[in-house]
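Per the working numbering: the sequence shown = residues 2 to 703. One structure below.
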Amino acid sequence: MKRSLPALGLILGLLISATQPSPAAAPELKQFLARHCAECHDADVQKGGLRVDTLALPPTGADSLNLLVRLHDRVQAGEMPPKKTAQPTSTERQAFLRALGEEVKAAESAASVGGRTLVRRMNRVEYEHALRDLLALPLLRVKELLPEDGQQFGFDKVAGALDISHIQMTKYLQAADAALRQAVVKAAARPETKLWREPAARQYSAHGAVLQKCGVPMNNRIVAEGLTSHIAGNPVADIGNSYRAPSFKGEAESFAVLTGVIGAHQPEGIQIDRFNPPVPGWYRVRFSLWGLRWERTKAVAAKRGMVRSYVSLGLPYFKDAQGRWQATPLPPEQLAEKRGIREWQENVEFYGDGEATHVVRASLKGEPLGYFDAPSLRPTTHEFKVWLNPGERVSFHAMTLPATAAPGGGTSQGILDYEGPGVAYDWFEVEGPLVEQWPPESQRRLFGEIPVNAYPRPPLAGVPTVAAGATEKLPLGGFNGAGQALDAERLLNLSGTTTTRFNCAVPGDYEVAVTAFETHAGNESAKMRVLVDGTELPHARFEVNALRGAPKTWRAKFRVASAGPVELGVEFLNDFFDEANPDPHLRDRNLFLTGVEIIAPKAAVAATTGATPDFRSLLLDFASRAFRRPATTEDIAPFGAIVEGQLARGVSFEQAMLAGYKAILCAPDFLLIGLESGVPQPTKGAPAKLGDHALASRLSFF
């Protein structure tokens with residue numbers, strides 16, 4: 002279809018920021034529309050979804066401009082007015098098209114002078130990347146916490162598709178909170194770089210693979226001693242709900258995985274799950290792996306071949322000496338016939354004509370970290386660096402293995418009746434954290450060089466104050482959280498933490514003394530730990546081996562870097578209840594606190610740092626980086642009020658500052674792209690230009 006206006010299709014995406022006065026022909030345009038179009042496109046009838054009686058002239062935005070373009074094309078093509086209705090003369094039609102074209106051109110000209118850029122919010126990928134850069138957390142993952150972004154024209158960076166709702170803001174708050182918690186370290190001192198190493202067979206996921214009949218522990222390339230199995234359920238009464246249940250108790254130098262997917266709960270394969278990163282940071286992961294072909298009881302050279310499952314057991318079912326169901330081994334002549342064999346061609350194409358090499362992918366939360374070769378029968382050591390947070394696990398997925406492995410029926414011995422490809426892991430090693438500086442850069446971005454608890458904090462009203470050199474007995478009635486207050490005790494009858502607050506008059510080295518006893522039950526005494534401001538104190542886990550009438554006192558030390566409020570917590574760790582115990586005095590394990598004292602230093606410790614800046618200077622520095630422009634004291638006033646309010650409630654300085662930082666990370670100046678230099682102001686006769694900060698910001702998000 003021929004168009005008289007060049008590139009009209011591109012105008013559909015135009016976002017108008019300003020328009021010029023309507024041309025003089027606007028009344029004639031409306032008369033033409035009323036005479037030839039309104040009958041089918043008014044408030045009552047809107048054929049084709051088109052309405053012209055409310056048409057904006059000049060256009061006021063992208064939607065109204067889109068309507069003008071659509072109208073122009075339909076009239077030019079002769080589709081409007083319909084051929085069965087009265088037609089305008091050729092002169093009228095050309096005059097209408099000419100006037101309508103002038104309207105479109107005027108709108109386009111106005112947009113080019115006023116600027117075509119709209120303010121928009123970051124999409125979730127940009128938000129994640131901005132937080133990574135701002136907080137020095139290169140592998141931060143918060144994208145999944147945010148809703149999917151809308152799209153226009155196939156892009157998720159178009160302002161019209163990036164709306165903001167209360168749900169969106171709630172999710173931004175959650176994502177900001179998660180990011181800030183990862184940026185702050187709880188360790189009081191520089192963590193020691195340690196080396197952790199264990200056999201792959203010790204990992205919990207390896208034991209899970211054994212249970213799923215898709216993993217086998219090995220010594221000297223043969224099945225390790227300690228691998229046993231039985232038939233779970235009752236195969237005589239209910240064969241349909243019976244299955245082969247293997248288990249492994251022993252040590253193994255290697256662990257072979259025979260399938261790419263280890264059950265529904267381990268889709269990523271075997272994991273390093275007996276190592277927990279103590280603090281967020283960089284860690285070096287090393288591991289040894291090799292390829293193989295499993296043949297029932299031993300590993301042989303990897304080669305492409307048939308995957309086979311055998312049946313080596315039959316009726317009758319019986320119970321062994323341990324009372325577990327077993328099936329009867331088939332006689333040798335039947336085994337020689339390879340009864341019940343199933344086989345299929347291995348459908349993996351990663352093999353050459355010579356040596357077969359498997360491929361293993363390392364990943365973290367589904368994100369690939371690298372791909373590594375597992376050559377046949379040649380243990381090969383690989384390594385990589387990865388940023389880990391506490392609780393995160395690295396997974397290893399053998400990509401070249403089939404999705405299923407050994408059968409699970411009662412007449413099969415699982416992996417002992419299976420032949421197929423596999424990948425063996427010898428050991429896993431994790432070194433870290435690899436600390437280049439302390440505190441880490443992520444915490445420096447928030448609190449600078451000074452320890453978090455060294456900043457001044459206003460005292461909390463209505464709580465005890467521990468004076469220099471004094472011993473203050475904290476009232477048990479002032480404890481909250483877990484447990485309940487009795488006459489002169491606090492009972493913790495369920496696992497949990499009870500907390501209280503007090504003010505420290507001077508900085509220095511303090512001591513807490515907790516007097517307690519237990520009601521004994523089970524095979525161990527009650528256990529407790531002591532925390533200050535949510536962090537467990539060193540050497541502060543205790544076994545409360547004392548009974549009523551003879552309570553004992555346990556002590557722990559902690560340092561307060563600045564005067565102000567402190568939150569003390571006592572956590573009961575191992576609640577126990579055995580209703581079946583014939584002795585009612587041994588059924589319920591509880592923890593009783595009879596006294597908590599704080600012993601203060603006689604004098605304040607000497608200052609180890611320079612003067613601590615006001616918290617507003619921290620907010621100002623952070624906001625300047627977050628807003629992508631120099632922030633002012635007026636800019637941070639609302640966030641300073643949040644911090645002050647938190648401190649007035651007795652919240653720790655760290656938590657108060659994090660509340661202010663979280664508000665900054667959800668503020669329009671951070672979320673919205675395009676306001677870094679204010680609203681662009683056009684000069685007479687020339688297009689408006691973005692300011693330096695706005696231009697730099699847009700380029701960085703391009």
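We put the CB at the ideal spot given by N, CA and C, even for glycine.
DSSP three-state assignment for residue 153, whether helix, strand or coil: strand
Thinking C-beta only, is residue 179 closer than 8 Å to residue 224? no
Under the rule that 16 or more other beta-carbon atoms within 10 Å means buried, what is residue 190, buried or exposed? exposed
What does the Cβ neighbour count give for residue 110, buried or exposed, with the cut at 16 atoms within 10 Å? exposed
For residue 529, report the span of its beta strand (DSSP E) as first-last. 527-533
May I have the straight-line CA-CA distance separating residue 546 from residue 433, to the nearest angstrom? 36 Å
According to DSSP, is residue 325 helix, strand or coil? coil
Would residue 565 and residue 620 be called neighbours here (beta carbons separated by less than 8 Å)? no
Quick check on this structure: which residue in 533, 521 and 520 has the alpha carbon closest to the alpha carbon of residue 501? 533
Sequence-distant residues of the same chain with beta carbon closer than 6 Å to residue 471, five excluded per side: 601
Three-state class that DSSP yields for residue 158 in the structure shown: coil
Name the DSSP beta bridge partners of residue 388, please? 283
Rounded C-alpha distance that separates residue 132 from residue 120: 20 Å
Less than 7 Å separating the Cβ of residue 524 from some heavy atom of the ligand MN? Of the ligands one can find in the structure shown there are none, so the ligand MN has no counterpart to examine.
The stretch 27-42 contacting the stretch 84-97, beta-carbon criterion three pairs below 8 Å: yes
Of all the options 123, 87, 141 and 59, which has the alpha carbon lying nearest to the alpha carbon of residue 101? 59
Pairs of beta-carbons, one from the stretch 438-445 and one from the stretch 201-216, closer than 8 Å: are there three or more? no
Across the stretch 124-131 and the stretch 75-90, are there enough close Cβ pairs to call them in contact, namely three or more that are closer than 8 Å? no
According to DSSP, residues forming a beta bridge with residue 195: 433
Hey, residue 460 and residue 475: beta-carbon distance below 8 Å or not? no
Less than 6 Å between C-beta atoms, sequence neighbours within five positions excluded: which residues of the same chain meet that for residue 616? 644
Where the alpha helix (DSSP H) containing residue 211 begins and where it ends: 205-212
How should residue 366 be labelled, buried or exposed, when 16 other C-beta atoms within 10 angstroms of its C-beta is the threshold for buried? exposed
Nearest-angstrom Cβ-Cβ length linking residue 584 and residue 523, presumed shorter than 8 Å: 12 Å between Cβ atoms; not a contact.
Have a look at 139, 410, 419 and 625 and flag the residue whose alpha-carbon is nearest the alpha-carbon of residue 307. 419
Which of helix, strand or coil DSSP assigns to residue 481: strand
Using the three-state DSSP reduction, which class does residue 25 fall into: helix, strand or coil? Note that residue 25 scores 49 on pLDDT, short of 50, meaning its location in the model is unreliable; the coordinates nonetheless yield the value given after this. Three-state result, residue 25: coil.
In terms of alpha-carbon separation, which member of 700, 97 and 193 lies closest to residue 439? 193
Can the beta-carbon of residue 453 be found closer than 8 Å to that of residue 505? no
When the Cα of residue 249 is compared with those of 212, 237 and 510, which residue comes out closest? 212
Beta-carbon contacts of residue 414 that lie in its chain and below 8 Å, excluding the five residues immediately before and after: 230, 245, 313 and 314
Just list the beta strand (DSSP E) runs in the stretch 296-322, keeping only unbroken ones of 3 residues or longer that don't cross its boundaries, in chain order. 299-301, 307-310 and 314-320
Tell me the DSSP secondary structure of residue 165 in three-state form. coil
Own chain partners of residue 667 with C-beta closer than 8 Å, once the 5 adjacent residues on each side are dropped: 170, 173, 174 and 177
Can you name, in chain order, every residue of its own chain whose Cβ lies under 6 Å from the Cβ of residue 233, other than the five neighbours on each side? 244 and 246
Proximity below 8 Å, CB of residue 594 to CB of residue 530: no
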